[in-house]
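J.: Pasting in a structure now, in structure tokens, and then I'll have a few things to ask.
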Amino acid sequence: MGKYGFLAILASVGAIALLAFGLVAKGGPSIAVGEEAPAASVERLGGDGEASIADHQGKWVLLNFWASWCEPCRDEAPAIEEFARKNSDDLVVVGMNSRDLTPDAEKFAHEYGLSYELLHDGDGEQMDSYNVKGLPESFLINPDGDIALIYRGPVDAEILRQSFEPLIEAKS
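Quick note, the sequence shown lines up with residues 1 to 172 if you use the working numbering.
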């Protein structure tokens, strides 16, 4: 391969990376800890009606934005499922599948045995309203409906235990 062939490949890879980043990182009004969480109604994954974060007013909510094509989302799925089961008395976990195809999202949910509430934000409108910078991203919402914690990037059992549990336990 000549010098120009290599440059063409490099430019193509760069263009694809920018396009992919543009699909998951949109600018928008920032959202911060202490602000009210957006609570629009969103279609449930599987088409069983709609649901909203507001449906869980009075409870802690862990809202996790994910997609089936997101490798870090695959890495964190087992930890979130375990956290949901372990904390089911104090917390509702909601998985917001974003910018994804429904069949792919359903396959992902089945593959990882996700038992918590799953919503489908196919067009990414909820990602934009939460100003999600990239996937995965998680929000802890307090019983009053305000954002208590924003975590950008994949979580694991240790992060959930150290960052999320203390807030829930201290204010439950």
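A virtual CB, placed ideally from N, CA and C, is assigned to each residue, including glycine.
Taking the DSSP output, what are the residues bridged to Asn64?
T.: Taking the first residue of the sequence shown as 1, we reach residue 64 at position 64. The partner list for Asn64 (beta bridge, DSSP) reads Gly95, Ser138.
J.: Is it buried or exposed, Asp187, if we count other Cβ atoms within 10 angstroms and call 16 or more buried?
T.: Here the chain covers residues 1 to 172 and nothing more, so residue 187 does not appear.
J.: If you draw a straight line from the C-alpha of Gly22 to the C-alpha of Ser115, how long is it?
T.: Within the sequence shown, residue 22 is the residue found at index 22, counting from 1. Within the sequence shown, residue 115 is the residue found at index 115, counting from 1. Because the pLDDT of Gly22 is 43, which lies under 50, any placement of that residue in the model is unreliable, and the question is left without a value.
J.: Kindly confirm or deny that the segment 105-120 and the segment 60-70 touch, where touching means at least three C-beta pairs closer than 8 Å.
T.: At 8 Å Cβ cutoff, the stretches touch.
J.: What do you reckon, are the CB atoms on Arg152 and Glu169 nearer than 8 Å?
T.: Position 152 of the sequence shown, counting from 1, holds the residue named residue 152. Position 169 of the sequence shown, counting from 1, holds the residue named residue 169. No, Cβ-Cβ distance for Arg152 and Glu169 is not below 8 Å.
J.: What three-state label does DSSP hand Ala40 in the structure shown?
T.: Mapped onto the sequence shown, residue 40 falls at position 40. Note: Ala40 maps to coil in three-state DSSP.
J.: Quick check: what's the CA-CA separation for Gly49 versus Asn97?
T.: Within the sequence shown, numbered from 1, the residue matching residue 49 stands at position 49. Within the sequence shown, numbered from 1, the residue matching residue 97 stands at position 97. Gly49 and Asn97: Cα-Cα distance of roughly 15 Å.
J.: Alpha carbon to alpha carbon, how far is Glu43 from Asp123?
T.: As a working mapping, residue 43 is identified with position 43 in the sequence shown. As a working mapping, residue 123 is identified with position 123 in the sequence shown. Approximately 11 Å, taken between the alpha carbons.
J.: Report the three-state DSSP secondary structure of Glu35 (helix, strand or coil).
T.: Here residue 35 refers to the residue found at position 35 when the sequence shown is read from its first residue. Coil at Glu35, not helix or strand.
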